[in-house]
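In the numbering used here, the protein residues as written are 4 to 102.
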């Protein structure tokens with residue numbers, strides 16, 4: 004298959020996206036924080052809660068779009084091959100008729 008590398012990349016993008024979504028949602032599990040916890044740690048947790056699920060969703064959508072794109076290209080190539088084969092047979096049949 005000429006598009007097997009693109010298909011593998013699509014599956015990898017989807018898998019990474021799902022893992023990022025899971026990791027981002029895991030950040031929503033309550034953690035014990037004290038009043039002494041620096042603001043940078045709290046902001047980091049909030050940033051992870053927002054960034055990872057969004058990034059995971061984007062990667063999953065891109066991977067799915069690549070996968071669908073490759074499938075449609077392969078279908079079009081197969082249709083073109085079938086049409087070319089049919090036209091070749093028609094031309095060969097007309098060549099035999101004129102002889």
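We treat Cβ as the ideally placed atom computed from N, Cα and C, and that holds for glycine.
Apart from the 5 residues on each side of it in sequence, residue 73 sits with its Cβ closer than 6 angstroms to the Cβ of 6, 9 and 10 in its chain, given in chain order.
When secondary structure is reduced to three states using DSSP, residue 40 falls in the coil class, being assigned neither helix nor strand. In the three-state reduction of the DSSP assignment, residue 47 falls in the helix class. Taking a 10 Å sphere around the C-beta of residue 57, we find fewer than 16 other C-beta atoms and assign the residue as exposed.
As the crow flies, the alpha-carbon of residue 44 is around 20 angstroms from that of residue 25.
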